[in-house]
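In what follows, a single structure is set out as structure tokens and then discussed.
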Amino acid sequence: MIQAGRGFGKTRSGAEAVSHYLHEHPGSRVALVGPTWRDVRDTMVEGESGLLAVMPQAAVSKWNASLGELVLANGSRCFAYAATQPDRLRGPQHHFAWGDEVAAWERPETWDQLLLGLRLGKNPQVVLTTTPKPRKLVRDIIKHPRCTVTKGSTYDNLDNLPPEFAAAVLEAYRGSRLGRQEIEGELLEDVEGALWTLDGISRDRVAAAPELRHVVVAIDPAGGGSDEVGIVAAGRDADGHAYVLADRSGRFHPEQWARRAIGLYHELEADRIVVERNYGGDMVNSTLRAVDTRLQIVEVVASRGKRVRAEPIATAYEQHKVHHVGVFEQLEEQMCTWTPDSGDSPDRMDALVWALTDVMQKGQGAAFMELWKGELAEDQRKREAGEISAPELAQLPRFQTFDRAKPRPGCQHRWLDGLCVHCGGAKELN
Ligand SMILES: Nc1ncnc2c1ncn2[C@@H]1O[C@H](COP(=O)(O)OP(=O)(O)O)[C@@H](O)[C@H]1O
Ligand SMILES: [Mg+2]
59 MIQAGRGFGK TRSGAEAVSH YLHEHPGSRV ALVGPTWRDV RDTMVEGESG LLAVMPQAAV
119 SKWNASLGEL VLANGSRCFA YAATQPDRLR GPQHHFAWGD EVAAWERPET WDQLLLGLRL
179 GKNPQVVLTT TPKPRKLVRD IIKHPRCTVT KGSTYDNLDN LPPEFAAAVL EAYRGSRLGR
239 QEIEGELLED VEGALWTLDG ISRDRVAAAP ELRHVVVAID PAGGGSDEVG IVAAGRDADG
299 HAYVLADRSG RFHPEQWARR AIGLYHELEA DRIVVERNYG GDMVNSTLRA VDTRLQIVEV
359 VASRGKRVRA EPIATAYEQH KVHHVGVFEQ LEEQMCTWTP DSGDSPDRMD ALVWALTDVM
419 QKGQGAAFME LWKGELAEDQ RKREAGEISA PELAQLPRFQ TFDRAKPRPG CQHRWLDGLC
479 VHCGGAKELN
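When we follow the numbering used here, the leftmost residue of the sequence shown carries the number 59, and every step to the right adds one.
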């Protein structure tokens, strides 16, 4: 396994290894496995560091892109497989295999199927090339008694990288925890006490969302000086599953983030914008209205600790009810490193929690009830600890995010904890 940072030359090395093997072993069968079908075709075979670029032209007799079959002049064949379809590896046998970006393989069974079929010849081998990610599959492979790991960093290959590419990668990641992974190729440990793990998030990841009923864009405004503004969109399907659709967070001036969030709202034809009203008071609302007066805006108030807000959402992930549509690297990094003791306030994660709370409470009474129970439990704890008096408690804004909607006429209601799973309406207003 070559475990290295971006641009180290992983793909090139994998292609060179395959090319070398094919040259030395006429008539052999080689498996090429990438995260998706497209990755195998566009990167591993046709890419600038791929097989066709690396092999002598005369060695290749035919590349059939639609079948995913590369035929060599010496009778060898390479077969393309995608880690989204492990079943296609059930049956075929190979002498040699190359797997690229293993950390991004959606279905870990792909690895098991690949190994089961790797049984031709005297010494079947597999070359894996990847930027590491803290996923079980990567850890398992590294622990395999017959795995040899070679490590490397982006810096090792600076001479061969386009300066813009190198600058972009170094600029984005240098000095951060993610940089240890993306530049240095270091396998990061899970953070103890974090509410999410990358493995957990990845397990339920999907490539595309189904038809959604309720879509929101949530904004967590920057608290002070250099903070980012969290802008995250999510939606809910008919079965009450939530889908995280976009993370457009970043450092922006007020008008900039307002335009970004509103752009996303229109792009996704969202039902509403959820904003946290904490610091600036009316500022967030009026900044948005200054750009577009016709928005549906819901203000929420962080009346309770972040942990109390985040835990029911983390529970919904554990129940496999939340799916990320694609990869949101920086957001997921915040989710997997924040712990209730961190003290800091990761803005992307906050926006995510607001978006999902809104989405889940509309469709999923149960998840919202958990949130509510959590709030009550914290009230009671404060009361018992003497941190707050009864009159003060009564003054606290509660259920600010819980606006009860009238059930939609004509909906075939299905009630769950007093809310309709389909239209989100409250039973008592029926
Ligand atoms: N040994 C090498 N000599 C010359 N160029 C190289 C070498 N290794 C990699 N490169 C080039 O560096 C760039 C990045 O390599 P690539 O294999 O795509 O990196 P990675 O897969 O690690 O992100 C490509 O343009 C590739 O052709
Ligand atoms: Mg690569």
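We put the CB at the ideal spot given by N, CA and C, even for glycine.
It should be emphasised that the depicted structure is a prediction, and the values quoted were computed from it without experimental measurement.
In chain order, what residues of the same chain lie with their CB nearer than 6 Å to the CB of residue 357, ignoring the 5 residues before and after it? Within the same chain, Cβ atoms closer than 6 Å to the Cβ of residue 357 are found at 333 and 335, the five residues on either side in sequence being excluded.
Which residue's Cα is closest to the Cα of residue 327: 316, 313 and 293? Among 316, 313 and 293, the Cα nearest to that of residue 327 belongs to 293.
Residue 65 and residue 539 - do their beta-carbons sit closer together than 9 Å? Since the first residue of the chain shown is 59 and the last is 488, residue 539 is not available in this structure.
If we require 3 or more residues per run, which beta strand (DSSP E) segments fall completely within the segment 363-448? Here the runs fully enclosed are 380-382.
Does residue 97 come out as helix, strand or coil in the three-state DSSP assignment? DSSP places residue 97 within a helical segment (H, G or I) once states are collapsed to three.
Spatial neighbours of residue 123 in its chain, beta-carbon cut-off 7 Å, leaving aside the 5 residues before and after: Exclusion of the five residues before and after residue 123 leaves 99 as the residues of its chain whose Cβ lies within less than 7 Å of its Cβ.
Can you find the residues in the same chain that come closer than 6 Å, C-beta to C-beta, to residue 239, ignoring five residues on each side of it along the sequence? Hits under 6 Å: 246.
Close Cβ partners of residue 121 (< 6 Å) along its chain, the five nearest in sequence each way excluded: Closer than 6 Å at the Cβ level, and outside the excluded window around residue 121, lie 128.
With DSSP as the reference, label residue 78 as helix, strand or coil. In the three-state reduction of the DSSP assignment, residue 78 falls in the helix class.
Buried versus exposed call for residue 341 [16 or more other C-beta atoms within 10 Å across all chains shown]: Residue 341 should be labelled exposed.
Touch test, the segment 164-181 against the segment 219-235, Cβ-Cβ under 8 Å, three pairs minimum: No, because fewer than three Cβ pairs between the segment 164-181 and the segment 219-235 fall closer than 8 Å, the two stretches do not touch.
Is residue 247 near ligand 2, going by C-beta to nearest heavy atom under 8 Å? With a threshold of 8 Å, the Cβ atom of residue 247 does not count as near ligand 2, since no heavy atom of the ligand is closer than that.
Ligand 2 and residue 159: does any heavy atom of the ligand fall closer than 8 Å to the residue's C-beta? Annotation for residue 159 indicates a beta carbon within 8 Å of some heavy atom of ligand 2.
Between 450, 125 and 148, which has its C-alpha nearest residue 137's C-alpha? Per the C-alpha coordinates, the member of 450, 125 and 148 positioned closest to residue 137 is 125.
At 3 residues or longer, and completely inside the segment 260-338: list those beta strand (DSSP E) runs for me, N to C. Whole beta strand (DSSP E) segments, 3+ residues: 272-278, 288-294, 300-305 and 330-334.
Inter-residue spacing [alpha-carbon to alpha-carbon] between residue 377 and residue 269: Put simply, the backbone Cα of residue 377 is about 21 Å away from that of residue 269.
Selection from 89, 115, 87 and 302 that minimises the alpha carbon distance to residue 416: For residue 416, the nearest C-alpha among the options comes from 302.
With distances taken between CB atoms, is the gap from residue 165 to residue 131 smaller than 9 Å? Their beta carbons are not under 9 Å apart, which means residue 165 does not touch residue 131 by this criterion.
Go ahead and pull the three-state DSSP assignment for residue 183. It is a strand residue.
Beta-carbon contacts of residue 329 that lie in its chain and below 8 Å, excluding the five residues immediately before and after: Answer for residue 329: 272, 273, 274 and 354, listed in chain order.
Local Cβ density within 10 Å of residue 278, reported as buried at 16 or more and exposed below that: Buried: at least 16 other Cβ atoms inside 10 Å.
Of the listed residues 324, 411, 325 and 78, nearest to residue 365 (C-alpha basis): Comparing Cα positions, the closest option is 411.
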